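Asker: Have a look at this one.
Residue numbers (the numbering used here), protein chains in the order written: chain A, 1 to 201; chain B, 1001 to 1201.
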């Protein structure tokens, strides 16, 4: 992943506001806590996907190790908080994910519902990847830059996996069309969401 | 753990009906599927406990690796199903856990609610340990006996951890009294629940 692709990372239509990384750098406890819960939610949601689509063998086989990885990330972030004598604290409302959910198809065609579930994962992984890239390039501390780079690489891999799973189970043209709709919708959310240094998104 | 302590394993008041292991041995696909979902539920519930009691540092620190372990068990059972060309299948209603939940204190004193959450875990781990012991001793196949022995040992460790966490955060006499109430209640459930070879409990 090159450094000059921030604007268009993994297809995202709007780069993160440059002020975000500066705000995040002065609220490390908050950003670590929010990050820990992002990993927790990723693990929990992946488990739900496995439960709900247990008949899809490839999905179950490929997502099972992702749960282990996401939970391993939770533990890494927790260790980082511990090391710095910072507290995990309570989970906060996730405005970004709440806004994304509003676009999810809840009824109707089961294929469309399934596709939306996969694409929401792909989107959150893509945006998280972009945010980790920002942190890995914009923070002063070389240790933290490296720390976040590792997450950036992992999220990019997960993004690709969710797109690949979509294309395994569903028509590729349908995936492409809906993915573009999601990208457009996500850019609107990013544009209207308050820029806060205590949130990953 | 000695072989002659089946009757009173980890304080349980009623041993499993001896017919259970014979029934389970002829429904391996069902029992593996049910076991996989038991591990999944254990992982998910442990994550919920961490979220809910995130201010309790020892609890968070000690339960985080347990989530990794439970999910690792899910993956082990999944691999066992795959190896035998068996299907994971859908999650089934868990009558045992549903019945246990009815005894849980839902309102009132937060300490009592917290204690019940920990003791339900301890109880499910204890009963699972006893069931794995049955399988590890009663099945014909030496490979499966060894396979289940590993889970038995792990569940025994988890049982001890949940009791220890209870005694860390709460008055020991209160823990002992409530634990006895839970053991009595659980024995009644076991007595009245249909003996089914397609369920872990």
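Note that the Cβ used here is the ideal one computed from N, Cα and C, for glycine as well. All of these numbers come straight from a predicted model, not from anything done at the bench.
Just verifying my parser: in three-state terms, what is the DSSP assignment at residue 168 (chain A)?
Answerer: Here residue 168 (chain A) sits in helix by DSSP.
Asker: Please name the residue in A:161, A:195, A:198, A:194 whose C-alpha comes closest to that of residue 58 (chain A).
Answerer: For the residues A:161, A:195, A:198, A:194, the minimum Cα distance to residue 58 (chain A) belongs to A:161.
Asker: Can you give me the Cβ contacts of residue 118 (chain A) inside the same chain, cut-off strictly under 6 Å, excluding the 5 residues immediately before and after it?
Answerer: 162, 165, 166.
Asker: Within 10 Å of its beta-carbon, does residue 141 (chain A) have 16 or more other beta-carbons around it, so buried, or fewer, so exposed?
Answerer: The residue is exposed, with fewer than 16 neighbouring Cβ atoms inside 10 Å.
Asker: Buried or exposed for residue 1003 (chain B), going by 16 or more other Cβ atoms inside 10 Å?
Answerer: The pLDDT assigned to residue 1003 (chain B) is 46, lower than 50, so where the model puts this residue is not dependable; a value taken from the coordinates is nonetheless given after this. Exposed.
Asker: Starting from residue 97 (chain A), trace the alpha helix (DSSP H) in both directions and tell me its first and last residue.
Answerer: It spans 95-101 - the alpha helix (DSSP H) in which residue 97 (chain A) sits, taken as one unbroken run.
Asker: Name the chain B residues whose beta carbon is nearer than 8 Å to that of residue 189 (chain A)?
Answerer: Ordered by position in chain B, no residue passes the 8 Å Cβ test against residue 189 (chain A), which lies about 24 Å from the chain.
Asker: Measuring only the C-alpha atoms, how far is residue 201 (chain A) from residue 79 (chain A)?
Answerer: Answer to the nearest angstrom: the Cα atoms are 22 Å apart.
Asker: Does residue 1133 (chain B) pass the burial test, meaning 16 or more other C-beta atoms within 10 Å, or should it be called exposed?
Answerer: Buried, since its Cβ has 16 or more Cβ neighbours within 10 Å.
Asker: Does any residue of chain B bring its CB to less than 7 Å from the CB of residue 44 (chain A)?
Answerer: Yes, because at least one Cβ of chain B sits closer than 7 Å to the Cβ of residue 44 (chain A).
Asker: Is there a Cβ from chain A that is less than 7 Å from the Cβ of residue 1113 (chain B)?
Answerer: Residue 1113 (chain B) does not count as touching chain A.
Asker: By the 10 Å Cβ neighbour count, where 16 or more other Cβ atoms means buried, how is residue 1184 (chain B) classified, buried or exposed?
Answerer: Residue 1184 (chain B) should be labelled exposed.
Asker: Considering only residues of the same chain and omitting the five flanking positions on each side of residue 1168 (chain B), which have a CB-CB separation below 7 Å?
Answerer: Same-chain partners within the cutoff: 1058.
Asker: Straight-line CA distance for residue 186 (chain A) to residue 30 (chain A)?
Answerer: Computed Cα separation, rounded: 23 Å.
Asker: Output the distance between the C-alpha atoms of residue 64 (chain A) and residue 1198 (chain B), rounded to the nearest integer angstrom.
Answerer: When rounded, the distance between both Cα atoms is 23 Å.
Asker: Look at residue 62 (chain A) and residue 43 (chain A) and say whether their C-beta atoms are less than 7 Å apart.
Answerer: No.
Asker: Can you find at least 3 beta carbon pairs, one from the stretch 17-36 of chain A and one from the stretch 83-91 of chain A, that sit closer than 8 Å?
Answerer: Because the criterion of three Cβ pairs below 8 Å is met, the stretch 17-36 of chain A and the stretch 83-91 of chain A touch.
Asker: Along the stretch 1067-1078 of chain B, where does the CB come closer than 9 Å to a CB of chain A? Name the residues.
Answerer: Under the 9 Å Cβ criterion, the stretch 1067-1078 of chain B contributes 1067, 1068, 1071, 1072, 1074, 1075, 1078.
Asker: So what does DSSP say about residue 1191 (chain B), is it helix, strand or coil?
Answerer: Helix, per DSSP.
Asker: Output yes or no for whether 7 Å exceeds the beta carbon distance between residue 1046 (chain B) and residue 1067 (chain B).
Answerer: Yes.
Asker: Using three-state DSSP, classify residue 1057 (chain B) as helix, strand or coil.
Answerer: Note: residue 1057 (chain B) maps to helix in three-state DSSP.
Asker: Please compile the residues from chain A whose C-beta is within a distance smaller than 7 Å of the C-beta of residue 1090 (chain B).
Answerer: Here the neighbours are 54.
Asker: Identify, in the order they occur along the chain, each residue of the same chain with its Cβ nearer than 7 Å to the Cβ of residue 1191 (chain B), setting aside the five sequence neighbours on each side.
Answerer: Closer than 7 Å at Cβ, skipping near neighbours: 1014.
Asker: Helix, strand or coil: which one does DSSP assign to residue 152 (chain A)?
Answerer: If DSSP states are grouped into helix, strand and coil, residue 152 (chain A) belongs with the helices.
Asker: Excluding five sequence neighbours on each side, which residues of the same chain lie with their C-beta closer than 6 Å to the C-beta of residue 228 (chain A)?
Answerer: Nothing can be reported for residue 228 (chain A), as the shown portion of chain A is limited to 1 through 201.
Asker: Cβ of residue 1135 (chain B) within 7 Å of Cβ of residue 1148 (chain B)?
Answerer: Yes, these two residues count as a Cβ contact at 7 Å.
Asker: Give me the Cα-Cα distance between residue 1007 (chain B) and residue 1129 (chain B), rounded to the nearest whole angstrom.
Answerer: Low local confidence applies: a pLDDT of 49 at residue 1007 (chain B) is under 50, so the model's placement there is unreliable, with the coordinate-based value given in what follows. Using only the alpha carbons, I get a separation of about 12 Å.
Asker: Kindly indicate if chain A contains any beta-carbon less than 7 Å away from that of residue 1047 (chain B).
Answerer: Judged by the 7 Å Cβ criterion, residue 1047 (chain B) is in contact with chain A.
Asker: Measure from the alpha carbon of residue 1099 (chain B) to the alpha carbon of each residue in B:1120, B:1081, B:1084, B:1112, then state which is nearest.
Answerer: Comparing Cα-Cα distances from residue 1099 (chain B) to each of B:1120, B:1081, B:1084, B:1112, the minimum goes to B:1120.
Asker: Quick one, which of A:84, A:60, A:193 has its alpha-carbon nearest residue 1082 (chain B)'s?
Answerer: Looking at the Cα atoms, A:60 is the closest of the given residues.
Asker: I'd like the span of the alpha helix (DSSP H) that includes residue 33 (chain A), first residue to last.
Answerer: Residue 33 (chain A) -> alpha helix (DSSP H) spans 28-52.
Asker: Could you give the residue range of the alpha helix (DSSP H) that holds residue 1134 (chain B)?
Answerer: Here the alpha helix (DSSP H) through residue 1134 (chain B) covers 1110-1138.
Asker: Which residue's Cα is closest to the Cα of residue 73 (chain A): A:123, A:97, A:153, A:26?
Answerer: Answer by Cα proximity: A:153.
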